[in-house]
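Student: Numbering (my numbering), first residue to last: 3 to 560.
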Amino acid sequence: MKHSLAGLAAGILAALVATTAFAAPGAIEGVQKQAVNLHAIAMFGIFVLATLGITWWAASRTKSTSDFYTAGGGITGFQNGLAIAGDYMSAATLLGLSSMVFFKGYDGFIYAISFFVGWPIILFLMAERLRNLGKFTFADIASYRLDQNRIRTFAAFGSLTVVCFYLIVQMVGAGQLIQLLFGLDYNYAVVVVGILMMVYVTFGGMVATTWVQIIKAVLLLGGGTALMLLAFSQFGFSFETLFSKAVAAHKDGVKIMGPGSLMADPVSAASLSLGLLFGTAGLPHIMMRFFTVPNAKEARKSVFVATGFIGFFFLVVMVLGLAAITIVGQDPQFFEGGKVGGKLIGGGNMPVMHLAKAVGGDIFLGFLSAVAFATILAVVSGLALAGASAISHDLYARVIKKGDVESAQEMRVTKLASIGIGIVAIVLGILFKDQNVAFLVALTFGVAASVNFPVLILSMYWKGLTTRGALWGGVAGLLSAVGLVILSPAVWVKVMGNAQAVFPYDHPAIISMSVAFAVTWFMSVTDSSQRAKNEAVAYEEQYIRAQTGLGAAAASAH
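1. Going by other Cβ atoms of all chains shown within 10 Å of its Cβ, with 16 needed for buried, is E543 buried or exposed?
2. Within 10 angstroms of the Cβ of Q332, are there 16 or more other Cβ atoms? Answer buried if so, exposed if not.
3. Between the C-alpha atoms of Q178 and L480, what's the straight-line distance to the nearest angstrom?
4. Do P456 and A360 have their beta-carbon atoms positioned less than 8 Å apart in this structure?
5. Check for me: the alpha helix (DSSP H) holding W523 runs from which residue to which?
6. Do you know offhand how far Y197's Cα is from F336's?
7. Taking buried to mean at least 16 other C-beta atoms within 10 Å of its own C-beta, is Q502 buried or exposed?
8. Quick check: the Cα distance between L357 and L346, rounded to an integer number of angstroms?
9. Could you tell me which of F505, A271, V539 and R152 sits nearest to G475, measuring between CA atoms?
10. Can the beta-carbon of M45 be found less than 8 Å from the beta-carbon of F524?
11. Going along the chain, which residues of its own chain have a beta-carbon closer than 8 Å to the beta-carbon of I546, five neighbours each way excluded?
12. Checking 8 Å against the spacing of the C-beta atoms, do E130 and A248 come in under that value?
13. Is F111 helix, strand or coil when you go by DSSP?
14. Between which two residues does the alpha helix (DSSP H) carrying I329 extend?
15. Taking F239 as the reference, give the member of A325, V521 and D89 with the closest Cα.
16. Given this structure, state the Cα-to-Cα distance separating T468 from L229, to the nearest angstrom.
17. Counting along the chain, where does the alpha helix (DSSP H) carrying T377 start and finish?
18. For the alpha helix (DSSP H) containing R533, name the first residue and the last one.
19. How many angstroms separate the CA atom of Y71 from the CA atom of Q81?
20. If you draw a straight line from the C-alpha of F159 to the C-alpha of S530, how long is it?
21. In the DSSP assignment, what are the bridge partners of F337?
22. Compute the distance between the beta-carbons of A273 and P510, then report whether it is under 8 Å.
23. Residue ranges of each beta strand (DSSP E) run of no fewer than 3 residues wholly in the segment 221-300, ordered along the chain?
24. Please say whether R291 and D89 have beta carbons closer to each other than 8 Å?
25. Suppose you measure from the CA of F241 to the CA of V203; what does that come to, to the nearest Å?
26. Hey, could you find the ends of the alpha helix (DSSP H) Q81 is sitting in?
27. Can you name, in chain order, every residue of its own chain whose Cβ lies under 7 Å from the Cβ of V527, other than the five neighbours on each side?
28. Would you kindly work out how many angstroms separate the C-alpha atoms of D254 and G47, rounded to a whole number?
29. Is it right to say S383 is buried, meaning 16 or more other beta carbons lie within 10 angstroms of its own, or is it exposed?
30. Taking C-beta to C-beta, are I86 and I288 nearer than 8 Å?
31. Nearest to I329 by alpha carbon, out of S116, A478 and V342?
32. What first and last residue would you give for the alpha helix (DSSP H) that runs through V415?
33. Less than 6 Å between C-beta atoms, sequence neighbours within five positions excluded: which residues of the same chain meet that for F314?
34. Look up D142 in the DSSP assignment and say whether it is helix, strand or coil.
35. Give the secondary structure of P456 by DSSP, where H, G and I count as helix, E and B as strand, and everything else as coil.
36. For the structure I just gave you, are there three or more beta carbon pairs, one from the segment 407-422 and one from the segment 378-395, closer than 8 Å?
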């Protein structure tokens with residue numbers, strides 16, 4: 003395995019160099035004569051080799067399905083908190099939120115606040131119960147006292163839907179980033195990211211994914227803070243000066259300091275807030291992280307650590323977006339054709355990268371670009387692992403094989419599923435190349451809040467939940483969320499090219515989440531079957547385990 007991994011690493015780097023060197027002139031059209039950043043390429047190469055080295059090391063420590071899915075439950079609370087922060091501080095955070103502040107000002111801050119406030123819900127309502135009730139996936143909890151086959155099947159498809167939406171975000175950010183650095187065509191860049199993602203998950207599992215996330219979180223926090231200090235120093239470390247200059251430089255003037263188009267429609271604003279608030283608790287790759295710690299105490303500690311790091315970094319990103327309005331927005335070298343106010347080189351998600359070059363030169367741009375790429379790789383690896391585990395553990399091992407499957411066989415299916423998810427991610431990344439990544443992640447959270455969250459929270463807290471209610475409510479949330487996203491302006495008009503959207507709002511959560519809860523409640527309270535009565539009785543045993551952890555999966559020895 004080690005020889006095959008080393009050969010694959012060499013092949014990936016060789017392909018990158020060759021493609022960069024021999025790219026056709028049309029391949030660099032998106033970067034408009036911008037010189038290829040050799041510092042960035044060197045740091046990018048070092049990071050790829052380092053993370054592949056971690057994967058090589060992790061492969062030798064991954065001997066069972068528990069190791070592969072959850073690192074054997076042997077990650078400490080602080081380590082897991084850093085890894086969660088690394089998972090959550092994704093391309094949407096660094097690239098998408100900073101660009102949203104750059105273009106829209108205060109509206110970007112609303113996104114950041116909404117992304118953040120979901121964490122207290124997880125800390126106080128879910129962290130302990132997730133660790134005590136679950137083993138590998140979100141479906142372990144949702145199906146704890148309900149019909150295993152039906153609920154696991156639904157939960158697997160719900161998880162895969164959320165994973166696919168979130169993969170779009172990361173692939174778009176990664177593609178634009180590599181396009182800027184290497185001068186590669188966007189499509190080639192997306193393919194490179196997809197291949198690397200498959201390598202990390204297939205060979206290293208959760209051990210490799212966790213350590214890549216931890217290292218990337220430390221680098222991102224350090225690099226982002228350093229960039230903020232460099233940029234903020236140009237305004238004398240004065241927020242008043244920063245705001246005044248941003249207002250003077252922006253085309254919308256003082257309007258950027260107050261709610262803009264995002265808050266003009268109260269339905270869209272409420273729907274966005276609901277999706278971001280509850281969507282965090284429905285992300286399968288975030289839920290999996292609570293099964294990597296040894297007990298509920300460490301699970302709580304994970305959320306506390308992650309919340310502190312994430313909150314700090316969101317504030318850093320807000321400063322970066324405002325600083326970029328003045329520093330990047332007034333510098334013609336960052337615009338195609340050298341015209342201020344035109345299209346940014348590398349795409350609309352790149353203001354923070356241009357800011358890094360403006361205040362730190364090519365070396366700092368290279369460092370931050372490599373860190374941003376690390377961010378994306380860590381997140382896509384976690385997403386691919388969550389999706390692959392839904393296929394192998396929930397569908398294959400528990401539904402199809404009824405639990406009668408060997409560990410090696412289940413892991414083999416997981417690796418094949420990882421490759422399939424990587425291919426799907428590449429295709430989706432190419433289709434959605436021009437979308438703002440912060441906007442895309444908001445859609446993802448809306449789907450997660452409608453599909454996974456209602457079933458998950460009710461399965462843990464409501465004695466009256468039945469298999470029929472969970473299944474009907476979950477399917478209703480899934481169909482309404484995905485259907486409304488397809489019919490929304492974001493897809494129906496911008497992607498599919500239709501003249502007018504069928505559903506007038508970009509964010510579906512206010513409707514789809516309400517539908518999911520309402521259908522779940524109605525179908526549960528009207529279920530008078532014997533199975534429903536048995537499930538209500540089984541809640542007592544579930545409640546005791548959720549509170550005490552008796553019978554919960556223990557950590558593996560390494």
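Where is the CB? At the ideal position from N, CA and C, for every residue including glycine.
Tutor: Based on what the coordinates show:
1. Taking the sequence shown and counting its residues from 1, the one referred to as residue 543 is at position 541. Of the residues assessed, E543 falls on the exposed side of the cut-off, its CB having fewer than 16 other CB atoms within 10 angstroms.
2. Taking the sequence shown and counting its residues from 1, one reaches residue 332 at position 330. So Q332 ends up on the exposed side.
3. Numbered from 1 along the sequence shown, position 176 holds the residue referred to as residue 178. Numbered from 1 along the sequence shown, position 478 holds the residue referred to as residue 480. Approximately 30 Å, taken between the alpha carbons.
4. For the purposes of this step, residue 360 is taken as residue 358 along the sequence shown, with counting starting at 1. For the purposes of this step, residue 456 is taken as residue 454 along the sequence shown, with counting starting at 1. No. Outside cutoff.
5. For the purposes of this step, residue 523 is identified with residue 521 of the sequence shown, where counting begins at 1. First-last of the alpha helix (DSSP H) with W523: A511 to V527.
6. Residue mapping note: residue 197 aligns to position 195 of the sequence shown, counting from 1. Residue mapping note: residue 336 aligns to position 334 of the sequence shown, counting from 1. In the sequence under discussion, the amino acid at residue 197 is Ile, which differs from the Tyr named in the question. Spanning the two alpha carbons is a distance of roughly 30 Å.
7. Taking the first residue of the sequence shown as 1, we reach residue 502 at position 500. With fewer than 16 Cβ atoms within 10 Å of its Cβ, Q502 is classed as exposed.
8. Reading the sequence shown from its first residue, position 355 is the one you call residue 357. Reading the sequence shown from its first residue, position 344 is the one you call residue 346. Each residue's Cα considered, the two are about 12 Å apart.
9. Stepping through the sequence shown from its first residue, residue 475 is reached at position 473. Looking at the Cα atoms, R152 is the closest of the given residues.
10. Start at 1 with the first residue of the sequence shown, and residue 45 comes out as number 43. Start at 1 with the first residue of the sequence shown, and residue 524 comes out as number 522. It is not a contact, given that the beta carbons lie outside the stated cut-off.
11. To locate residue 546, count along the sequence shown from 1; it is residue 544. Only L552 meet the Cβ criterion.
12. Residue numbering aside, residue 130 sits at position 128 when the sequence shown is read from its first letter. Residue numbering aside, residue 248 sits at position 246 when the sequence shown is read from its first letter. In this structure, A248 does not lie closer than 8 Å to E130 by Cβ.
13. Numbered from 1 along the sequence shown, position 109 holds the residue referred to as residue 111. DSSP places F111 in helix when its eight states are reduced to three.
14. In the sequence shown, residue 329 corresponds to position 327, counting from 1. It spans A298 to I329 - the alpha helix (DSSP H) in which I329 sits, taken as one unbroken run.
15. On the sequence shown, position 237 is the one that residue 239 refers to. Among A325, V521 and D89, the Cα nearest to that of F239 is on A325.
16. Your numbering for residue 468 matches position 466 in the sequence shown. Your numbering for residue 229 matches position 227 in the sequence shown. C-alpha separation (whole angstroms): 51 Å.
17. The count along the sequence shown starts at 1 and reaches residue 377 at position 375. Run containing T377: P353 to S391, per the alpha helix (DSSP H) assignment.
18. The count along the sequence shown starts at 1 and reaches residue 533 at position 531. Note, R533: alpha helix (DSSP H), Q532 to T550.
19. In the sequence shown, counting from the first residue as 1, residue 71 sits at position 69. In the sequence shown, counting from the first residue as 1, residue 81 sits at position 79. The alpha-carbon atoms of Y71 and Q81 are separated by roughly 16 Å.
20. Taking the sequence shown and counting its residues from 1, the one referred to as residue 159 is at position 157. Taking the sequence shown and counting its residues from 1, the one referred to as residue 530 is at position 528. Their backbone Cα atoms lie some 27 Å apart in a straight line.
21. Numbered from 1 along the sequence shown, position 335 holds the residue referred to as residue 337. F337 pairs with L346.
22. Your numbering for residue 273 matches position 271 in the sequence shown. Your numbering for residue 510 matches position 508 in the sequence shown. The question names Ala, but residue 273 is Ser in the sequence shown. The answer is yes: Cβ separation under 8 Å.
23. none
24. Within the sequence shown, residue 89 is the residue found at index 87, counting from 1. Within the sequence shown, residue 291 is the residue found at index 289, counting from 1. Less than 8 Å divides the Cβ of D89 from the Cβ of R291.
25. Numbered from 1 along the sequence shown, position 239 holds the residue referred to as residue 241. Numbered from 1 along the sequence shown, position 201 holds the residue referred to as residue 203. Straight-line Cα distance between these residues: approximately 43 Å.
26. To locate residue 81, count along the sequence shown from 1; it is residue 79. Unbroken alpha helix (DSSP H) run through Q81: G79 to Y90.
27. Here the question's residue 527 lines up with position 525 in the sequence shown. Hits under 7 Å: G466.
28. Within the sequence shown, numbered from 1, the residue matching residue 254 stands at position 252. Within the sequence shown, numbered from 1, the residue matching residue 47 stands at position 45. Computed Cα separation, rounded: 40 Å.
29. Taking the sequence shown and counting its residues from 1, the one referred to as residue 383 is at position 381. Counting Cβ neighbours within 10 Å, S383 comes out buried, since at least 16 surround it.
30. If you number the sequence shown from 1, residue 86 lands on position 84. If you number the sequence shown from 1, residue 288 lands on position 286. The answer is yes: Cβ separation under 8 Å.
31. Mapped onto the sequence shown, residue 329 falls at position 327. Checked all of S116, A478 and V342; the closest Cα to I329 is V342.
32. Locating residue 415 in the sequence shown gives position 413, where the first residue counts as 1. That run of the alpha helix (DSSP H) goes S409 to L433.
33. Working through the sequence shown from its first residue, we reach residue 314 at position 312. Within the same chain, no Cβ atom closer than 6 Å to the Cβ of F314 is found once the five residues on either side in sequence are excluded.
34. Start at 1 with the first residue of the sequence shown, and residue 142 comes out as number 140. Helix, per DSSP.
35. For the purposes of this step, residue 456 is identified with residue 454 of the sequence shown, where counting begins at 1. DSSP places P456 in helix when its eight states are reduced to three.
36. yes
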